[in-house]
Amino acid sequence: MRALLLAAPLVLALSACLDTNLPARERIGLVDIRAWNNGGTPVIRARGVFYNIAGLQLFPAVPQECGLYGYTPPVPSDNAGETISAGSMVSFTVAGFSENAIPNPLATFPIYTFPAGSYLDFTAGDSVLVSIPGATGGFEPMAIRARLAEPFTADPLPAYVENQPMTVTWQPATEPGSVMVVSLRYNSTPGATQPDLEIACAFEDDGSGTISSTLANGWGAGQPGTQEFAFIRVRERLVEFDDRTRTRVRSIYEFPLRALADAVP
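Count the sequence shown with mature numbering (1 follows the signal peptide of the UniProt record, and there is no 0) and you get residues -18 to -1, 1 to 247, in order.
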């Protein structure tokens, strides 16, 4: 069994989907702030994408029942026809220190990221100020302050017991407004080496959640070497500039944390 290296698709399902039946174009900013492990200290890096698009629906991060989903590794998409400029840089400030996300020259569409190796320190309870300068013919200027997902630890997964539910536990949030996504990936096919199924849950962030015996039985049948898990605290804020412009700032803290050296600009 190994720690999950990518955030669960349920995190995406909690956030946005495209509905082509909604014709009106909107300017939507999606800003993600992720925690990383810098030699034992949690730090954050950020990225942002800004759209002028029709049918992109945003869903709040709220508790959802556990479900079983097919899993394939995420594939980057080219959204060049839908993205717009938000200015020369997007600034992030935490506890008086700032870092700028700039357009990534290697991306196939405008995406703002921290330069390679750069980060911001933070501690539990900190907030981030996101400053979007805006651009003529592009995104509107906005300034958004949002609380960061606080660091936490989780207990080891309990041993599988056939036909019994599985209760997972973690350090609960000290402030309301976050959810805990728990993801278990596996493959039950003999000889498999990569997961093809995922149990994904979005629990109240109160320190514990229960996975049904039916889903737990699937996890227990997973082949050695294919089982992966992660606990992912998600906190977000959605701010409207006008009836056609809005930005969501989402903060993610995943346990166990991935190393900062693995961060891709």
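Just so you know, even glycine gets a beta-carbon here, dropped at the ideal spot from N, CA and C.
Here the structure is a predicted model, which is why all the values come from computation and not from measurement.
Supposed close pair residue i, residue j - CB separation, criterion 8 Å
i, j, result
"residue 126", "residue 221", "5 Å"
"residue 250", "residue 116", "Coverage of the chain is limited to positions -18 through 247, which leaves residue 250 absent and any answer about it impossible."
"residue 230", "residue 9", "With 8 Å as the limit, residue 230 and residue 9 do not qualify as a contact, their Cβ atoms being about 12 Å apart."
Reduced DSSP secondary structure (H/G/I, E/B, other) of residue i
i, result
"residue 196", "helix"
"residue 204", "coil"
"residue 39", "strand"
"residue 29", "strand"
"residue 231", "strand"
"residue -13", "For residue -13, the predicted structure reports a pLDDT of 40, less than 50, and the residue's modelled location is therefore unreliable. The matter cannot be settled from this model."
"residue 167", "strand"
"residue 148", "strand"
"residue 118", "coil"
"residue 110", "strand"
"residue 64", "coil"
"residue 246", "coil"
Cβ shell of residue i (< 6 Å), same chain only, five flanking positions each side left out
i, result
"residue 266", "In the structure as shown, the chain starts at -18 and stops at 247, and residue 266 therefore has no counterpart that could be examined."
"residue 142", "202"
"residue 104", "26, 76 and 130"
"residue 95", "29, 83, 86 and 247"
"residue 20", "242"
Residue i - partner residues in DSSP beta bridges
i, result
"residue 19", "24 and 241"
"residue 72", "83"
"residue 181", "50 and 166"
Cut-off 7 Å between Cβ atoms - residues of its own chain near residue i, not counting five sequence neighbours on either side
i, result
"residue 154", "187, 188 and 189"
"residue -6", "For residue -6, the pLDDT reaches just 46, beneath the cut-off of 50, and the residue's location in the model is therefore unreliable, leaving the point undetermined."
"residue 223", "122 and 124"
Chain C within 8 Å of residue i, Cβ atoms only
i, result
"residue 180", "Checking the listed chains, one finds no chain C in this structure; it contains a single protein chain."
Other residues of its chain near residue i: CB distance less than 8 Å, five sequence neighbours each side excluded
i, result
"residue 137", "150, 151 and 152"
"residue 172", "205"
Three-pair Cβ contact test at 8 Å for the segment 67 to 81 versus the segment 49 to 58: no
Contact the segment 153 to 171 vs the segment 205 to 219: 3+ CB pairs below 8 Å: yes
Touch test, the segment 37 to 45 against the segment 167 to 186, Cβ-Cβ under 8 Å, three pairs minimum: yes
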